Amino acid sequence: MTAAIALIRRHRVAAVILFLLVFPLLMPYQALAINILIFGLFAVGYNLLFGYTGLLSFGHAAFLGVGSYLTGIGMVHLGLHWLPALLLGVASAALAGVLIGWLAIRTRGIYFAMVTLALAQIVYYAFYKAEHWTGGENGLRGIQVPSIELAGFKLDFLNPTTKYYVILLFVAAALWFVSRLLASPFGAVIEAVRENEQRAAACGYDVARTKLLVFVISAALCGLAGSLRALHLSVVPIDSLHYLLSGQAVMMCLLGGMGTFFGPFVGAAVFLTLEDVVTTMTSHWMAVVGTVFMVFVLYFPAGLWGTLVRRIDKASS
Amino acid sequence: MDITPSLLALQLVTGIALGAIYALLALGLSLIFGMLTVVNFAHGAFFMVGAFVGLYFMGLTGNFWFSLVLTPLVVGAIGLVTERFLVRPLYGRGIDYPLLLTFGLSWVLIEAMRILFGIEGMPSSTPPALRGAVDLGIGFFPKYRLFLIVATAVVVLALWLFLEKTRYGLIVRAGSRDGEICRVLGIDIARVWLAVFGIGCAIAGLSGVLAAPTRAVNPEMGIHVLAESFVVTVVGGMGSLVGAVVAGLLVGVVFAMTSLFAPDLAELSIFVLMAVVLLLRPQGLFGKAGLMG
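Here it is in structure tokens:
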């Protein structure tokens, strides 16, 4: 049993991708699976900053939103093909990450959460007002992706199953990237920064530059999630930039397990499934999710996956 | 549109009245943070609860003053329960956890108000005694806005007297500087924290009931207000009560003046102010250097 777990650990990307390949078969309908995939990526990107580097940002919806909107603007206003538009979305989110991160990194601790929230609000208001480009309150509409050409194959993007696997391609690439990053010396440095900033600085690491770099990478990943979301929904709602979505990223990470590789996905799956199930029973799902979240903060801070990983670690040692 | 001195003065008063609400909110936030090192992400929600409860009492009794006194007590009581059962177990676990918990709490509070009062919100109007305008020589100023400024000044003064001139205020100040030594001196610091959290939430509730006649009262009103209170706190300096008041007024005036000259940029203007302060003085105007930036 321990050998199996060690094998999964060593090849965690493959294991997760394998799971995600069969995931649609476990889900009642594909739209939920696609949503979990996209928000899973969003949570993974956020987890890089929150779980692994210990920086609690409350403005990550800005990057999801920028990715979505710029992909949409690229396709609707600039007439780009879907792939260049997607890359535009990611690049723009990374740029937003540089700007917001540079300002936010100047603060520490609790200030960081407040500043990121406030800076994300700037993005929200800016996009809200730029009605000509973004559609303002009604959101950006008309992102048409009827078919996708990949390696010579023409795929019907409107088919939910096909859509899932195309999006999975990008998510898998992103997950592989994150795994490599975490296993690299840089990954060790960001965890060192989380554990004790001053000690990391004393060891000679440029803490500010590390934080900024992680912030930008995290922003780019969330931007990718946003771009994929725009392609999936064919519209970009103004809510994509709202602070509540930033809060959802935090919730998903905590519910699943911060600082673990697969935790954010579990968190996203639990959160979205809960939302789906609860909304059929009552319209007060915010209260239910809020209460569940508080219970987790109080009694299961390691999250579902995180607690499981800890139990396995304890059992095998 | 002619920019006359009286128009400027009127907008200035509007700005100060708006700033008064911001100042109260930031005061509550800073008080809780300075004492407990807890960022109350539910502060906007308590503001919103205050507005709803205030309107409810007004509807029930028809008496604004009665509601003005009772609402902070009710909201403060909710704050006491929150601290005792939700926040207290998290002490010692790290600075992020109470923040996360209060964030979850804000979701529950928003939904609770939706359940109790409906999703549309409640209609609000200025209490009859404070309607109309007053001629101050340079122009006519709305009575209610002037009342807001005066009421806030009274609350700030009362808080200052409490903290500087009473024995309990001395304990609160000592506790925020060093809780451990206070314990050593035999003071039950847990009770002090409980009281401070309650007071902070009560002030938030008070600002809600005061602000209710000036804006739309719906369950979502606390969300924008939270971001704006954070701006005020960053500009003024977290944990600084002087900073909270000064920055609150400053932010209110900036917003009002920008509304006059460039209405589209009004909401952005206060965040730009925050960005500028962050660039030049990351700890805020009155904040302690090194503590947070």
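Taken in order, these protein sequences are the chains called L and R.
Residues 1 to 317 in our numbering are what the first sequence spells out, letter by letter.
Residues 1 to 293 in our numbering are what the second sequence spells out, letter by letter.
For every residue, glycine included, the Cβ atom is placed at its ideal position computed from N, Cα and C.
Here the structure is a predicted model, which is why all the values come from computation and not from measurement.
Does the beta carbon of residue i sit closer than 7 Å to a beta carbon anywhere in chain R?
{"i": "L/F293", "result": "yes"}
{"i": "L/I190", "result": "no"}
{"i": "L/I5", "result": "no"}
{"i": "L/V297", "result": "yes"}
{"i": "L/G290", "result": "yes"}
{"i": "L/Q248", "result": "no"}
{"i": "L/I110", "result": "yes"}
{"i": "L/A56", "result": "The displayed chain sequence assigns Leu, not Ala, to residue 56 of chain L. Yes, its Cβ sits closer than 7 Å to a Cβ of chain R."}
{"i": "L/T210", "result": "no"}
{"i": "L/H284", "result": "yes"}
{"i": "L/A302", "result": "no"}
{"i": "L/A287", "result": "yes"}
{"i": "L/L48", "result": "no"}
{"i": "L/L95", "result": "no"}
{"i": "L/L140", "result": "no"}
{"i": "L/L103", "result": "yes"}
Below 8 Å on the Cβ atoms is my guess for residue i versus residue j; work out the distance and round it to an integer in Å.
{"i": "R/I149", "j": "R/A20", "result": "5 Å"}
{"i": "R/A274", "j": "R/V209", "result": "According to the sequence displayed, residue 274 of chain R carries Met and not Ala. Going by Cβ atoms, the distance from R/M274 to R/V209 rounds to 27 Å, so no, they are not a contact pair."}
{"i": "L/V16", "j": "L/L175", "result": "6 Å"}
{"i": "R/G284", "j": "R/G236", "result": "5 Å"}
{"i": "L/V236", "j": "L/Y69", "result": "5 Å"}
{"i": "R/S30", "j": "R/G239", "result": "6 Å"}
{"i": "R/A23", "j": "R/G248", "result": "3 Å"}
{"i": "L/G139", "j": "L/I238", "result": "5 Å"}
{"i": "L/V166", "j": "L/I148", "result": "6 Å"}
{"i": "R/T14", "j": "R/A256", "result": "5 Å"}
{"i": "L/V13", "j": "L/S179", "result": "5 Å"}
Buried or exposed for residue i, going by 16 or more other Cβ atoms inside 10 Å?
{"i": "L/V277", "result": "exposed"}
{"i": "R/L18", "result": "buried"}
{"i": "L/E131", "result": "exposed"}
{"i": "L/A4", "result": "exposed"}
{"i": "L/V171", "result": "buried"}
{"i": "R/M292", "result": "Unreliable placement is indicated for R/M292, whose pLDDT of 40 sits below 50; no coordinate value is reported for it."}
{"i": "R/T61", "result": "exposed"}
{"i": "R/W65", "result": "exposed"}
{"i": "R/D96", "result": "buried"}
{"i": "L/H242", "result": "buried"}
{"i": "R/L136", "result": "exposed"}
{"i": "L/T116", "result": "buried"}
{"i": "R/K288", "result": "exposed"}
{"i": "R/I3", "result": "exposed"}
{"i": "R/G118", "result": "exposed"}
Examine chain L for any beta-carbon lying closer than 7 Å to the beta-carbon of residue i, and answer yes or no.
{"i": "R/D135", "result": "no"}
{"i": "R/L101", "result": "yes"}
{"i": "R/I95", "result": "yes"}
{"i": "R/V74", "result": "no"}
{"i": "R/P142", "result": "no"}
{"i": "R/M292", "result": "Confidence is the limiting factor: at R/M292 the pLDDT is only 40, short of 50, which leaves the residue's position unreliable, though a coordinate-based value still follows. At least one chain L Cβ lies under 7 Å of R/M292."}
{"i": "R/V39", "result": "yes"}
{"i": "R/D188", "result": "no"}
{"i": "R/P263", "result": "no"}
{"i": "R/P128", "result": "no"}
Problem set entry | the segment 261–271 of chain L touching the segment 41–54 of chain L, judged by at least three CB pairs closer than 8 Å | yes
For this session: Would you check if there are 3 or more beta carbon pairs closer than 8 Å linking the segment 203–221 of chain L to the segment 85–103 of chain L?
Result: yes
Exercise. Of the residues that make up the segment 267–285 of chain R, which ones have a beta carbon closer than 8 Å to any beta carbon in chain L?
Worked result: E267, L268, F271, V272, M274, A275, L278, L279, P282
For this session: Check distances from the C-beta atoms of the segment 14–25 of chain R to those of chain L and list, in chain order, the residues that come in under 8 Å.
Result: none
Exercise. Between the segment 191–205 of chain R and the segment 73–80 of chain R, do three or more beta carbon pairs fall short of 8 Å?
Worked result: yes
Problem set entry | Residues of the segment 213–242 of chain R whose Cβ lies closer than 7 Å to any Cβ of chain L, in chain order | I223, A227, F230, V231, T233, V234, M238
Exercise. Going along the segment 105–129 of chain L in order, which residues come within less than 8 Å of chain R, judged by CB to CB distance?
Worked result: R106, T107, R108, G109, I110, Y111, A113, M114, V115, L117, A118, L119, Q121, I122, Y125, A126, K129
For this session: Using a Cβ-Cβ cut-off of less than 9 Å, list which residues of the segment 103–123 of chain R approach chain L; keep chain order.
Result: F103, G104, L105, S106, W107, V108, L109, I110, E111, A112, R114, I115, I119
Exercise. Looking at chain R, which residues of the segment 237–261 of chain L have a Cβ within less than 9 Å of any of its Cβ atoms?
Worked result: H242, Y243, L244, G247, V250, M251, L254
For this session: May I ask you to list, following chain order, the residues of the segment 261–281 of chain L that have a beta carbon less than 7 Å from some beta carbon of chain R?
Result: Within the segment 261–281 of chain L, no residue has a Cβ lying closer than 7 Å to any Cβ of chain R.
For this session: Evaluate the contact criterion for the segment 76–94 of chain R versus the segment 153–162 of chain R: three or more CB pairs, one atom per stretch, below 8 Å.
Result: no
Exercise. Between the segment 76–88 of chain R and chain L, which residues of the former have CB atoms less than 9 Å from a CB of the latter, in chain order?
Worked result: L86
Exercise. So does the segment 123–130 of chain L actually touch the segment 258–275 of chain R, counting three or more Cβ pairs closer than 8 Å?
Worked result: yes
For this session: Flag this pair as touching only if the segment 108–121 of chain R and the segment 273–292 of chain L have three or more C-beta atom pairs under 8 Å; answer yes or no.
Result: Counting C-beta pairs closer than 8 Å gives three or more between the segment 108–121 of chain R and the segment 273–292 of chain L, which meets the contact rule.
Exercise. Are the segment 125–145 of chain R and the segment 175–187 of chain R in contact at 8 Å, needing three or more beta carbon pairs?
Worked result: No: fewer than three Cβ pairs fall under 8 Å.
Exercise. How do the segment 181–194 of chain L and the segment 50–66 of chain L stand: do at least 3 beta-carbon pairs fall below 8 Å, yes or no?
Worked result: yes
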